[in-house]
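S.K.:
In our numbering, the protein residues as written are -3 to 173.
This is how it looks when you write it as C-alpha cells:
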C-alpha cells in the first residue's frame, strides 16, 4: 500500500492536498524513519480510520516495528500533553504552572527510537493539536541537537497535509452517511 491509497480518497476540489501528499512522500529532507514516522504519528493524532489504515500500511514498508510503536506513542503522549500544557499556557493563573503535572510520561525518556526522530514526531503532533507551549519545547530540543529548520519545517508540512487530507476524507464520509 502507498500514499496513493490516501490520495485516491481525496476529491478533485482538494487536488492541492493530493499533490502535496505525493510530493511529501518523496521528500528527501528527512530520512525515511523521520518522514514515515511523522506521517504515521500525524495520522494517529487525527484518527480518521481510512487515512490511519492507509498511512500505517505505507509506513510499515519503511519503519521497523519499534519505530511504528514509537510513532504511535508520540501521538498518544502528545494527545495528553498537548491538552494539559496548552491549558496551562492559555490560563492566566500562573499557580497551575507551579504544581507538578503528576502525569506519566515515561515514553519521553525512552521512546524506543532516536530521540531526534521522536522529537520531530512530537512536534508534528503538537502542531496538529495546537499546543504552542509543546511546539516551543520540542523545537527547542531539536535546535539543541542542531536539527536544521528545513527538517522541522518538513515535519510541520507533513502534519498540515495529513491533517487536511484526514479532514477532507472525514467530511466526504459524512456526506455518504
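A virtual CB, placed ideally from N, CA and C, is assigned to each residue, including glycine. Every value quoted in this text rests on a predicted model; they were computed, and no experiment measured them.
1) How do the segment 87 to 105 and the segment 48 to 55 stand: do at least 3 beta-carbon pairs fall below 8 Å, yes or no?
2) Enumerate in chain order the residues of its own chain whose CB-to-CB distance from residue 76 is below 7 Å, with the five nearest sequence positions on each side excluded.
3) Exposed or buried, what is residue 95 when buried is set at 16 or more other beta-carbons lying within 10 Å of its beta-carbon?
4) Would you say residue 152 and residue 120 are within 8 Å of each other, going by their C-beta atoms?
5) Within 10 angstroms of the Cβ of residue 78, are there 16 or more other Cβ atoms? Answer buried if so, exposed if not.
6) Counting pairs of Cβ atoms below 8 Å between the segment 4 to 24 and the segment 146 to 162, do you hit three or more?
7) Does the separation of the CB atoms of residue 84 and residue 64 fall below 8 Å?
8) I believe residue 43 touches residue 67 by the beta-carbon criterion, under 8 Å. Please report the beta-carbon distance rounded to the nearest angstrom.
9) On a Cα-Cα basis, can you pick out the residue from 164, 3 and 40 that is closest to residue 73?
10) Find out if the Cβ-Cβ distance for the pair residue 170, residue 47 is shorter than 8 Å.
11) Only counting the same chain, and skipping five residues up and downstream in sequence, which positions put a Cβ closer than 8 Å to that of residue 1?
M.R.: In this structure, then:
1) No: fewer than three Cβ pairs fall under 8 Å.
2) The beta carbon of residue 76 lies closer than 7 Å to those of 99 in the same chain, with the five residues before and after it left out.
3) So residue 95 counts as exposed.
4) Closer than 8 Å, so yes.
5) Buried is the call here.
6) Per the Cβ contact rule, the segment 4 to 24 is in contact with the segment 146 to 162 (3 or more Cβ pairs under 8 Å).
7) Contact: no.
8) In this structure residue 43 does not touch residue 67 by the C-beta definition: roughly 14 Å separates them, more than the 8 Å allowed.
9) When C-alpha distances from residue 73 are compared across 164, 3 and 40, the shortest belongs to 40.
10) In this structure, residue 170 sits away from residue 47, with a CB-CB distance that is not shorter than 8 Å.
11) Excluding positions up to five away in sequence, the list reads 50, 53 and 54.
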